[in-house]
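Visitor: Numbering (full-length UniProt numbering), first residue to last: 1 to 580.
#1: Quick check on this structure: which residue in 10, 542, 35, 21 has the alpha carbon closest to the alpha carbon of residue 271?
#2: Going by the CB atoms, is the gap between residue 503 and residue 472 shorter than 8 Å?
#3: Just how far apart, CA to CA, sit residue 334 and residue 302?
#4: Does DSSP classify residue 648 as helix, strand or coil?
#5: Comparing alpha-carbon positions, which option in 552, 387, 204, 550 lies nearest residue 145?
#6: Apart from the five residues on each side of it in sequence, which residues of its chain come closer than 6 Å, Cβ to Cβ, to residue 465?
#7: Buried or exposed for residue 177, please, with buried defined as at least 16 other CB atoms from any protein chain shown within 10 angstroms of its CB.
#8: Kindly identify the DSSP beta-bridge partner or partners of residue 458.
#9: Just how far apart, CA to CA, sit residue 7 and residue 294?
#10: On the premise that residue 104 lies in contact with residue 73, defined as a C-beta separation below 8 Å, what is that separation, rounded to the nearest angstrom?
#11: Pick out the complete beta strand (DSSP E) segments inside the stretch 393 to 465, 3 residues or longer, and give them in chain order.
#12: Over what stretch of residues does the beta strand (DSSP E) that includes residue 102 continue unbroken?
#13: Would the beta-carbon of residue 486 fall within 8 Å of that of residue 520?
#14: Under 6 Å Cβ to Cβ from residue 432, same chain only, skipping five residues before and after it: list those, please.
#15: What does residue 204 pair with, by DSSP beta-bridge criteria?
#16: Could you pull the DSSP bridge partners for residue 489 from this structure?
#17: Between the C-alpha atoms of residue 157 and residue 139, what's the straight-line distance to the nearest angstrom?
#18: So does the stretch 46 to 60 actually touch the stretch 253 to 260, counting three or more Cβ pairs closer than 8 Å?
#19: Distance check for residue 341 and residue 288, CA to CA, integer angstroms please.
#20: Determine the burial state of residue 16: buried for a count of at least 16 other Cβ atoms within 10 Å of its Cβ, exposed for fewer.
#21: Between the Cα of residue 152 and those of 539, 108, 142, spot the shortest distance and give me the residue it belongs to.
#22: Taking the continuous alpha helix (DSSP H) assigned at residue 298, which residues delimit it?
#23: Alpha carbon to alpha carbon, what distance is there between residue 436 and residue 387?
#24: Note down, in chain order, each residue of its chain lying with its Cβ closer than 7 Å to the Cβ of residue 10, except the 5 sequence neighbours on either side.
#25: With DSSP collapsed to three states, give me the class of residue 43.
#26: If distances are taken between C-alpha atoms only, which option among 244, 46, 251, 162 comes closest to residue 197?
#27: Measuring CB to CB, does residue 89 end up less than 8 Å from residue 102?
#28: What distance in whole Å lies between the Cβ atoms of residue 49 and residue 183, which are believed to be in contact at a cut-off of 8 Å?
#29: Excluding the 5 residues preceding and the 5 following residue 374 in the sequence, name in chain order all residues of the same chain whose CB lies nearer than 7 Å to its CB.
#30: Taking residue 422 and residue 446 to be in contact with their CB atoms under 8 Å, please state how far apart those CB atoms are, rounded to whole angstroms.
#31: What are the complete beta strand (DSSP E) segments, minimum 3 residues, inside the stretch 66 to 137?
#32: Within a Cβ cutoff of 8 Å, which residues of the same chain sit near residue 277, ignoring the five residues on either side of it in sequence?
#33: Label residue 390 either buried or exposed according to how many other C-beta atoms from any shown protein chain fall within 10 Å of its C-beta, with 16 as the threshold for buried.
#34: Is the beta carbon of residue 167 closer than 8 Å to that of residue 108?
#35: Based on the DSSP secondary-structure assignment, which residues constitute the bridge partners of residue 155?
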């Protein structure tokens, strides 16, 4: 299977899995969230409608309260009472949902006037007895059928008091349950059915209740009638068709334990949620298809550079390190970085192979030259020794000493090819050089050399002090045109060796000193090339914290100090470099 196919397949599986998990999570979250939101919203709607009914009831109660305090009722004069009730039924009765006979008023014996011609006897009614015998402000009856038109009504019975706050009668206001049903019919609730239920579980609705049998309704009412009159809530059950049904209920304020109930199917309730889930599913399928196509196209942008790079590698495998320019990419991604670096690497390999060939050729030439020159140092030492003894034979003591110093100078300079030599050898090397130069410049050159005895057990890279002494001679003492002294001091301080070369020559100006110090830190110094080489050699061997430091004053002199770590020599001629 090709890499392109593998990547596309892997991306498709991962995206499908991720989208599926996301879809399930979104579906569950939507169902849970919407279910809760719908229940809360619908409960609020039912509660709002129940409050609306309660507000309407309270308005009627307030009206009856005002009516009960009128003069015609408080005096209980029969003629005035009949006239007042008749006029009241004509003008206000229609607001209570009745065509006639809305109000009735009478004395405490229960006989009440509906008009000047019609009376009713409510003395045996439970609500009347309760109103007369208790201190309740008013009593709302259970629903009954009106004796005037045989329609379902409920009565608000309000006691009438005289000036002595004694009950002298009553006034009834009949409220048509059909009027209340008109309010419940205004509830647009997922094709549901609404009704009013009293505290005993009796249901009142202008329309028949569909979707629930009498037996189920009886069982449901007996199950929920106690808590339903106390709080807002939800009740779920399954009908005979095994369909989930939901009833939202809320108590009606100012009523006698009534509740407003609204029933709908759970399927109808979640219909919009299901539509939303189906829409998300369609979007998910489209996004999945787009993602798979995008992944397939995107994988080609990955595999194409890899394929081109693999062809270039095969080209190199065949031994051709000169690659075509097409391997180079102008993009900024990792594959372009890999291809460009591979191209650069092959160029460097090709260059290094050519360089190795040249170095091998130079190495063979150097080895031949080394073989030719192996005899030269011994020949030089033997010749100088012979000259030294000949000088003694002729009693040329000074010449003999100069030849001996020259022989020591060359012997230490060569040191059998060793890079590290004892510090004492470096001191002897400088002493031989100064001895020879003193014979040459005996009128102007004096020198002193001193060192701490403990430095003798340490080693140093060779030939780092003589160039400083040479600079002191040619740039400090000679331009002075008068006798001068070069002082060499070697000390051991805090695990380091300090080699100080001082002269009392002409010195340097601050500008010249700054130029010289700057040249030590540059890659290609303009002046002080010898000092630069020594400084770099020390730092390459011991580290950046070591090297040469220089101070100088005009007409006073110059001091150069070499700082290297205190390193001891082992028996096998290896060195311990403890500075890195």
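For every residue, glycine included, the Cβ atom is placed at its ideal position computed from N, Cα and C.
Guide: In short:
#1: Closest by alpha carbon: 35.
#2: Between residue 472 and residue 503, the C-beta gap is smaller than 8 Å, which places the two residues in contact.
#3: Near 10 Å, if we compare the C-alpha coordinates of residue 302 and residue 334.
#4: The requested residue 648 is not part of the displayed model; the chain covers only 1 to 580.
#5: From the listed residues 552, 387, 204, 550, the smallest Cα separation to residue 145 is found for 204.
#6: Leaving aside the five residues that flank residue 465 on each side, the residues in its chain whose CB is nearer than 6 Å to its CB run, in chain order, 426, 430, 499.
#7: The residue in question, residue 177, is buried, as its Cβ has 16 or more Cβ neighbours within 10 Å.
#8: DSSP, once it has assigned bridges, lists 568 as partnering residue 458.
#9: The alpha-carbon atoms of residue 7 and residue 294 are separated by roughly 12 Å.
#10: Taking a contact as a CB-CB distance under 8 Å, the pair residue 73 and residue 104 does not count as one, their CB atoms being some 12 Å apart.
#11: Fully enclosed beta strand (DSSP E) runs of 3 or longer: 420 to 422, 445 to 451, 458 to 461.
#12: Per DSSP, residue 102 belongs to no beta strand (DSSP E) and is neither H nor E.
#13: Not in contact: residue 486 and residue 520 (Cβ atoms no closer than 8 Å).
#14: For residue 432, where only same-chain residues beyond five positions count, the Cβ hits under 6 Å are 405, 408, 409.
#15: Per DSSP, the beta bridge partners of residue 204 are 196.
#16: Looking at the DSSP assignment, residue 489 forms a beta bridge with 450, 500.
#17: Residue 157 and residue 139 have their C-alpha atoms some 5 Å from each other.
#18: Judged by Cβ distances under 8 Å, the stretch 46 to 60 makes contact with the stretch 253 to 260, as three or more pairs qualify.
#19: Approximately 37 Å between the Cα atoms of the pair.
#20: Here residue 16 is exposed: its Cβ has fewer than 16 other Cβ atoms, across all protein chains shown, within 10 Å.
#21: The shortest C-alpha separation from residue 152 is found at 142.
#22: Counting along the chain, the alpha helix (DSSP H) containing residue 298 begins and ends at 271 to 317.
#23: Each residue's alpha carbon lies about 16 Å from the other.
#24: Within the same chain, residue 10 has no close Cβ partners at all.
#25: Reduced to three states, the DSSP call for residue 43 is helix.
#26: Per the Cα distances, 251.
#27: Result yes, Cβ atoms of residue 89 and residue 102 sit closer than 8 Å.
#28: With 8 Å as the limit, residue 183 and residue 49 qualify as a contact, their Cβ atoms being about 7 Å apart.
#29: Since pLDDT at residue 374 reaches only 47, below the 50 mark, its modelled position is unreliable, and the value read off the structure follows with that caveat. Apart from the 5 residues on each side of it in sequence, residue 374 has no Cβ closer than 7 Å to any other Cβ in its chain.
#30: The beta-carbon distance between residue 422 and residue 446, rounded to whole angstroms, is 26 Å. This is too long to meet the 8 Å contact definition.
#31: Runs of the beta strand (DSSP E) spanning 3 or more residues and lying entirely within the stretch 66 to 137 occur at 103 to 107, 111 to 113, 119 to 121, in chain order.
#32: Answer for residue 277: 27, 30, 31, listed in chain order.
#33: Residue 390 is exposed by the Cβ-count criterion.
#34: Here residue 108 is near residue 167, since their CB atoms are less than 8 Å apart.
#35: Residue pairing for residue 155: DSSP places it in a beta bridge opposite 174.
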